[in-house]
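What follows is a short report on a single structure.
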Amino acid sequence: MGRRGTVQDKKDNLIRNLKETTLSFEKLGERYGVSRQAIWDFFKRQGIKRPSKPRGHNTDKCRLCQKLIKISNKPHSEFISIHTIVKRMGRSRAECRYHVRRLIEQGLVGQRFGRFRSETVEKAYEIYFTEKLSIRAIGRRVGLRNFLSIIRRHRELGWNVPPSLYDKWRRSRIQSEMHRRKKR
Ligand SMILES: [Zn+2]
261 MGRRGTVQDK KDNLIRNLKE TTLSFEKLGE RYGVSRQAIW DFFKRQGIKR
311 PSKPRGHNTD KCRLCQKLIK ISNKPHSEFI SIHTIVKRMG RSRAECRYHV
361 RRLIEQGLVG QRFGRFRSET VEKAYEIYFT EKLSIRAIGR RVGLRNFLSI
411 IRRHRELGWN VPPSLYDKWR RSRIQSEMHR RKKR
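The sequence shown begins at 261 in the working numbering and counts up by one.
Dropping the structure here:
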C-alpha cells in the first residue's frame with residue numbers, strides 16, 4: 261500500500277498545485293522531479309482548469325489583496341474561517357486563496373491567515389474573544405463538545421489563544437474578594 265499511496269499522494273498534490281497555484285509547468289517539474297513536458301501532459305490528460313494569472317499583479321494596486329490585508333489586520337484574524345473570507349470578498353474560493361497565498365509569500369499577512377476551516381469553531385472563538393462566558397457555555401451555545409480540547413490543540417500548535425475573558429473576570433473577582441477580606 262505504502263508505495264502506491266505515496267504516488268497517489270504526489271498526484272493529488274500536483275493536481276492541487278495545478279488547480280490552486282499559478283506556478284509554471286517548469287517550476288512544478290522541478291518540484292516533482294520530472295520534465296516540464298511531463299507536467300504539461302499530465303495537466304492535459306486530467307483536464308485541469310488553472311487559475312488565471314493576473315497580469316502584472318501588484319499587491320499595492322490589487323483591490324482584493326488590499327481588502328484581504330484589511331481583514332487580516334483585525335484582531336485574531338487567524339481565526340477567521342476561509343468561508344467567511346470568501347463571503348466578505350464576494351469572490352470564488354480559488355481566487356481568494358490565490359491572493360491570500362501571494363500575501364503570505366510576501367509576508368504581508370500571517371502564515372495562518374485563511375487556513376481556518378470550521379465555521380462552528382470560528383463562531384466559538386468569536387464568542388470566546390468577546391464575551392465573559394465559560395468555555396463550556398460557549399461550546400453548548402454553538403454545539404461543540406470539545407471546544408476546550410480544540411483550544412489546547414491550537415495552543416500546542418502555536419496559535420495565539422489568549423486566556424479567556426471569563427477566566428480574567430473570575431480571577432479579578434477572586435482578587436477583589438480577597439482584598440475585601442484582608443481589610444476586615
Ligand atoms: Zn491580489
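For glycine and all other residues, C-beta sits at the position ideal for the given N, C-alpha and C. Everything numeric in this text was worked out from a predicted model, so none of it was measured.
request  = Apply the 10 Å Cβ neighbour rule to V267 and answer buried if 16 or more other Cβ atoms are within range, or exposed otherwise.
outcome  = The sequence position of residue 267 within the sequence shown is 7, counting from 1. Per the 10 Å Cβ criterion, exposed.
message = Does the segment 356–374 come into contact with the segment 323–342, if we say contact requires no fewer than three beta-carbon pairs (one atom in each stretch) closer than 8 Å?
response = Touching, yes, given that three or more Cβ pairs across the two stretches are closer than 8 Å.
request  = Thinking R353 and I340 are a contact (beta carbons under 8 Å), I'd like their distance in whole angstroms, please.
outcome  = Start at 1 with the first residue of the sequence shown, and residue 353 comes out as number 93. Start at 1 with the first residue of the sequence shown, and residue 340 comes out as number 80. Not really, about 14 Å apart at Cβ, beyond 8 Å.
request  = Reducing DSSP to helix, strand and coil, say where R405 ends up.
outcome  = Along the sequence shown, read from residue 1 onward, the residue named residue 405 stands at position 145. Residue state, collapsed to three classes: coil.
query = Is the beta carbon of R412 within less than 8 Å of some heavy atom of ligand 1?
reply = Here residue 412 is taken as the residue at index 152 of the sequence shown, counted from 1. No, ligand 1 has no heavy atom inside 8 Å of this Cβ.
ask   = Of the choices S332, S295, Y426 and A298, whose alpha-carbon is the least far from that of L368?
value = Residue numbering aside, residue 368 sits at position 108 when the sequence shown is read from its first letter. Looking at the Cα atoms, S332 is the closest of the given residues.
inquiry  = Please report the straight-line C-alpha distance between K442 and R433, rounded to a whole angstrom.
reply    = As a first step, residue 442 is located in the sequence shown; it is residue number 182 there, counting from the start. As a first step, residue 433 is located in the sequence shown; it is residue number 173 there, counting from the start. C-alpha separation (whole angstroms): 14 Å.
message = Please tell me whether C356 and G374 are closer than 9 Å, where the distance is taken between their beta carbons.
response = Walking along the sequence shown from the start, residue 356 turns up at place 96. Walking along the sequence shown from the start, residue 374 turns up at place 114. Taking 9 Å as the Cβ cut-off, C356 and G374 qualify as a contacting pair.
inquiry  = Pop quiz: I387 and R401 are said to be a contact at Cβ under 8 Å. What is the actual Cβ separation, rounded to whole angstroms?
reply    = On the sequence shown, residue 387 is found 127 positions in, with the first residue counted as 1. On the sequence shown, residue 401 is found 141 positions in, with the first residue counted as 1. Confirmed, Cβ separation roughly 7 Å.
C-beta atoms of R296 and S284 nearer than 9 Å = Position 36 of the sequence shown, counted from the first residue, corresponds to residue 296. Position 24 of the sequence shown, counted from the first residue, corresponds to residue 284. Closer than 9 Å, so yes.
inquiry  = How far does the alpha helix (DSSP H) with V294 in it extend, from its first residue to its last?
reply    = In the sequence shown, residue 294 corresponds to position 34, counting from 1. Neither: V294 is in no alpha helix (DSSP H) and is coded neither H nor E.
message = Can you list, in chain order, the residues of its chain with a C-beta nearer than 8 Å to that of K383? Leave out the 5 residues immediately preceding and following it.
response = As a first step, residue 383 must be located in the sequence shown, where it is residue number 123. The answer, listed in chain order, is V402.
query = Taking the alpha carbon of D427 as the point to measure from, which residue in R396, M438 and F302 has its own alpha carbon closest?
reply = The count along the sequence shown starts at 1 and reaches residue 427 at position 167. Among R396, M438 and F302, the Cα nearest to that of D427 is on R396.
query = Quick one: is the Cβ of L324 within less than 8 Å of any heavy atom of ligand 1?
reply = Residue 324 sits at position 64 when you count from the first residue of the sequence shown. Because some heavy atom of ligand 1 lies under 8 Å away, the Cβ of L324 counts as near it: yes.
ask   = Looking only at its own chain, which residues have a Cβ that is under 7 Å from the Cβ of T390, when we skip the five neighbours before and after it?
value = Your numbering for residue 390 matches position 130 in the sequence shown. Here T390 has no same chain residue with a Cβ atom under 7 Å from its own Cβ, once five neighbours each way along the sequence are excluded.
query = Do G289 and I275 have their C-beta atoms within less than 9 Å of each other?
reply = Your numbering for residue 289 matches position 29 in the sequence shown. Your numbering for residue 275 matches position 15 in the sequence shown. No, the pair does not count as a contact, with Cβ atoms beyond the cut-off.
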